[in-house]
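Undergrad: One structure, pasted below without further comment.
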Amino acid sequence: MRDSTTRAVRYQVFSPSTFRLLLGRKGAKVTCRMQQCAPRAYVEADPDAIAHNLNVARRISPNTQMMAVVKADAYGHGMEATVKRLEAENPAFFGVANVTEARRVASVGCGTRPFLLGPTAPGEREEIAGSGWGFTISSMEEAEHFSSIAASAGTVLAAHLALDTGMGREGFLPSDLGEALPHLLRLPALGIEGVMSHMPVADEDENFSRRQIEIFEECVGEISRHVKLRYIHLAASAGIMRYRIPAANMARPGLMLYGVSPVRCPVAEQLRSTLRLVASVTLVRTLPAGHGVSYGCSFVTAAPTRVATIGIGYADGWRRHFSGKGICVLIRGALCPSLGRVTMDQIMVDVSGVPGVTPGDEAELIGPSLRVEKLAEQAGTIPWDIFTGLGPRLPRITRSLG
Ligand SMILES: *Cc1c(COP(=O)(O)O)cnc(C)c1O
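Numbering-wise (our numbering), the sequence shown opens with residue 2 and increments by one.
Listed below in structure tokens is the structure:
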């Protein structure tokens, strides 16, 4: 029976002659193994470039340890591959947003501790304490709870005291420190190994930020009179690029690890690009003049237009509000403007000026020459938002971007 004959049909693997040979072997029973095709849209991330950028942060902050911030899937780059590579650079901590992310860092099996950047929820604290992860305390309630968890486990925990020096998001207010500190120091099973705060306008307001640094330094001075602080940290990327903070001995770079500087400065030139967002052309046609493109028909062709459909949309993190902003993608080395609205899984671009575009061609949406800073500016958002919006539907592929 013909049906009983299965043939190996790995079109891209076998040369035409091998293929003919296989088909020619009448009655041959070969297991059929389909070759997996390339994903329609994916992220290429370069962990070596991320490591390079960590070392740029080190160069401009002498005598400063680094907490590598890898929250939000390493800003869309893929957490596991990023952590594996950065581990070799010996960061002091890996900064994460929540327990799930801390578990992912820990699952890579690295020796560097995850550090939970924000206030912790009561239900998370047993696991944080039991796992030895770094954490902050922002209130007496949080501190007392951690101390009681440690006491019942017969251990002592080391916390980072968070200070609200202007961010309004977490930490003790400096004006409350005088009262809180003696209580904190009396907790039987909670020590203080660090002090941290966060800058809300490091990229915007120099007077505010300088005043904030002074307040931070005063608080650190006061706390240091009572405890020996191992970690003192204030700056994220913008703070690292803009300010020297002699009282601090650690910094928390996030965005700059991923090749983007939040401020314009010469050091930004030293950062390497770490990510490409790529999708394939799925269809190319010429639409006549007067033809609408995409939902709402907000774009109508003025002349016959060669239109390529590309397999990426807002469900992948190519935001719907990128629509109608003249945002271009790169196909065969040429910039092609997108047309009409971004749909859930597809976008359309004008390839009239690019000869020979065919389905299967690669379209680059973010990359070394399509900077995420510019995209953010065009779309009225910020690079953090675009990176962290890259969705789980996009496979992350590790590749050197040269
Ligand atoms: C996210 C975060 C960072 C990293 O910020 P970047 O601006 O991306 O460098 C640092 N510290 C804290 C507390 C954060 O929440």
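Ideal Cβ positions, reconstructed from N, Cα and C, are used throughout, including at glycine.
1) With 16 other CB atoms within 10 Å as the buried threshold, where does E143 fall?
2) Have a look at L186, L276, G192 and Q66 and flag the residue whose alpha-carbon is nearest the alpha-carbon of A248.
3) Cβ-heavy atom distance between K72 and ligand 1 below 8 Å?
4) Decide if E102 is buried, meaning its Cβ has at least 16 other Cβ atoms within 10 Å, or exposed.
5) What's the gap between the Cα of E374 and the Cα of E270?
6) Just to confirm, does M257 get its C-beta within under 8 Å of one of the non-hydrogen atoms of ligand 1?
7) If we require 4 or more residues per run, which alpha helix (DSSP H) segments fall completely within the region 46-82?
8) Only counting the same chain, and skipping five residues up and downstream in sequence, which positions put a Cβ closer than 7 Å to that of I383?
9) To the nearest angstrom, report how far apart C111 and T121 are at their CA atoms.
10) Provide the residue(s) that pair with V279 in DSSP beta bridges, ordered along the chain.
11) Could you tell me whether any non-hydrogen atom of ligand 3 is closer than 8 Å to the CB of Y76?
12) Are there three or more Cβ pairs, one per stretch, closer than 8 Å when the region 283-290 is compared with the region 251-258?
13) Please determine if the region 35-43 and the region 218-229 are in contact, where contact requires at least 3 C-beta pairs separated by less than 8 Å.
14) Any chance the region 74-84 sits against the region 344-359, with 3 or more Cβ pairs inside 8 Å?
15) Using a Cβ-Cβ cut-off of 8 Å (strictly less than) and excluding sequence neighbours within five positions of C1, which residues of its own chain qualify?
16) Would you decide whether Y232 is buried or exposed? Buried here means 16 or more other CB atoms lie within 10 Å of its CB.
17) Leaving out five residues before and five after E127 in sequence, what residues of the same chain have Cβ atoms less than 8 Å from its Cβ?
18) Looking at the unbroken alpha helix (DSSP H) that takes in L395, where does it start and where does it end?
19) Would you tell me roughly how many angstroms separate the C-alpha atoms of V301 and K326, rounded to the nearest one?
20) Pick out whichever of G131, V97 and S132 has its Cα sitting closest to the Cα of F116.
21) So, at 6 Å on beta carbons, what are the nonlocal neighbours of G124 in its own chain, with the 5 sequence-adjacent residues on each side left out?
22) Got a sec, what are the start and stop residues for the alpha helix (DSSP H) P183 sits in?
23) Are S262 and S238 close, meaning C-beta to C-beta below 9 Å?
24) L230 by DSSP, collapsed to three states: which one?
25) Runs of 3 residues minimum, wholly inside the region 295-357: which ones carry the beta strand (DSSP E) assignment?
26) Going by beta-carbon coordinates alone, are V196 and H234 separated by less than 9 Å?
27) Thinking E180 and T137 are a contact (beta carbons under 8 Å), I'd like their distance in whole angstroms, please.
28) Check the DSSP bridge columns for F94 and list the partner residues they point to.
29) For a test of your reading of the model: does the CB of A122 fall under 8 Å from any non-hydrogen atom of ligand 1? Yes or no.
30) By the three-class DSSP mapping on this structure, what secondary structure does G195 have?
31) Taking 8 Å as the line, does the beta carbon of R253 fall inside it for any heavy atom of ligand 1?
32) Roughly how many angstroms lie between the CA atoms of E81 and R397, to the nearest whole one?
33) Count Cβ pairs between the region 355-366 and the region 386-396 that sit closer than 8 Å; are there 3 or more?
34) Is W134 close to ligand 1? I mean its beta-carbon at under 8 Å from any heavy atom of the ligand.
35) Quick check: does the Cβ of P393 come within less than 8 Å of any heavy atom belonging to ligand 1?
36) Does DSSP classify M1 as helix, strand or coil?
TA: Quick answer:
1) Indexing the sequence shown from 1 puts residue 143 at position 142. Burial call: buried.
2) Along the sequence shown, read from residue 1 onward, the residue named residue 248 stands at position 247. Closest by alpha carbon: Q66.
3) Position 71 of the sequence shown, counted from the first residue, corresponds to residue 72. True, at least one ligand heavy atom lies under 8 Å from that Cβ.
4) For the purposes of this step, residue 102 is taken as the residue at position 101 of the sequence shown. Around the C-beta of E102, 16 or more other C-beta atoms lie within 10 Å, and the residue is accordingly described as buried.
5) Reading the sequence shown from its first residue, position 373 is the one you call residue 374. Reading the sequence shown from its first residue, position 269 is the one you call residue 270. Straight across, the Cα-Cα distance linking E374 with E270 is about 13 Å.
6) The residue you call residue 257 lines up with position 256 of the sequence shown. It does: the Cβ of M257 is within 8 Å (strictly closer) of some heavy atom of ligand 1.
7) Here the runs fully enclosed are 48-61 and 72-76.
8) The residue you call residue 383 lines up with position 382 of the sequence shown. Correct list, in chain order: A377.
9) As a first step, residue 111 is located in the sequence shown; it is residue number 110 there, counting from the start. As a first step, residue 121 is located in the sequence shown; it is residue number 120 there, counting from the start. Using only the alpha carbons, I get a separation of about 23 Å.
10) In the sequence shown, residue 279 corresponds to position 278, counting from 1. The partner list for V279 (beta bridge, DSSP) reads Y43 and E365.
11) With respect to small molecules bound, the structure shown includes ligand 1 and not ligand 3.
12) When Cβ pairs closer than 8 Å are counted between the two stretches, the region 283-290 is seen not to touch the region 251-258, the count staying below three.
13) Contact between the region 35-43 and the region 218-229 is absent, because fewer than three Cβ pairs lie under 8 Å.
14) Between the region 74-84 and the region 344-359, the count of C-beta pairs closer than 8 Å stays below three; the two stretches do not touch.
15) Residue 1 lies beyond the range of the chain shown here (2 to 403); nothing can be said about it.
16) Numbered from 1 along the sequence shown, position 231 holds the residue referred to as residue 232. Burial call: buried.
17) Translated into positions along the sequence shown, residue 127 becomes position 126. Counting only Cβ-Cβ distances below 8 Å, and skipping sequence neighbours, we find I150.
18) As a first step, residue 395 is located in the sequence shown; it is residue number 394 there, counting from the start. In the DSSP assignment, L395 falls outside any alpha helix (DSSP H) and carries neither an H nor an E.
19) Mapped onto the sequence shown, residue 301 falls at position 300. Mapped onto the sequence shown, residue 326 falls at position 325. One C-alpha to the other measures close to 15 Å.
20) Locating residue 116 in the sequence shown gives position 115, where the first residue counts as 1. Nearest C-alpha to F116 among G131, V97 and S132: V97.
21) Here residue 124 is taken as the residue at index 123 of the sequence shown, counted from 1. If we look at G124 and ignore the five residues flanking it on each side, it has no Cβ neighbours.
22) Taking the first residue of the sequence shown as 1, we reach residue 183 at position 182. Following the DSSP letters along the chain, one finds P183 inside the alpha helix (DSSP H) bounded by residues P175 to R187.
23) Residue 262 sits at position 261 when you count from the first residue of the sequence shown. Residue 238 sits at position 237 when you count from the first residue of the sequence shown. In this structure, S238 lies closer than 9 Å to S262 by Cβ.
24) If you number the sequence shown from 1, residue 230 lands on position 229. Of the three classes helix, strand and coil, the one that applies to L230 here is coil, per DSSP.
25) Uninterrupted beta strand (DSSP E) stretches at least 3 residues long and entirely within the region 295-357 occur at 306-311, 329-332, 335-340 and 348-351, given in chain order.
26) Position 195 of the sequence shown, counted from the start, is the residue given in the question as residue 196. Position 233 of the sequence shown, counted from the start, is the residue given in the question as residue 234. In contact: V196 and H234 (Cβ atoms closer than 9 Å).
27) One-based indexing of the sequence shown puts residue 180 at position 179. One-based indexing of the sequence shown puts residue 137 at position 136. Rounded, the Cβ-Cβ distance is 19 Å, inconsistent with contact.
28) One-based indexing of the sequence shown puts residue 94 at position 93. DSSP output for F94 lists M68 and R114 as bridge partner(s).
29) Mapped onto the sequence shown, residue 122 falls at position 121. False, no ligand heavy atom lies under 8 Å from that Cβ.
30) Sequence index remark: in the sequence shown, residue 195 carries index 194 (1-based). Per DSSP, reduced to three states, the secondary structure at G195 is strand.
31) Here residue 253 refers to the residue found at position 252 of the sequence shown. Yes, ligand 1 has a heavy atom inside 8 Å of this Cβ.
32) Working through the sequence shown from its first residue, we reach residue 81 at position 80. Working through the sequence shown from its first residue, we reach residue 397 at position 396. Cα to Cα, the separation comes out at about 10 Å.
33) The region 355-366, when compared against the region 386-396, does not touch it at the 8 Å Cβ threshold.
34) By one-based count along the sequence shown, residue 134 stands at place 133. No, since every heavy atom of ligand 1 falls outside the 8 Å radius drawn around the Cβ of W134.
35) Residue numbering aside, residue 393 sits at position 392 when the sequence shown is read from its first letter. No, Cβ of P393 sits at least 8 Å from all heavy atoms of ligand 1.
36) Missing from the structure shown is residue 1; the chain here goes from 2 to 403 and no further.
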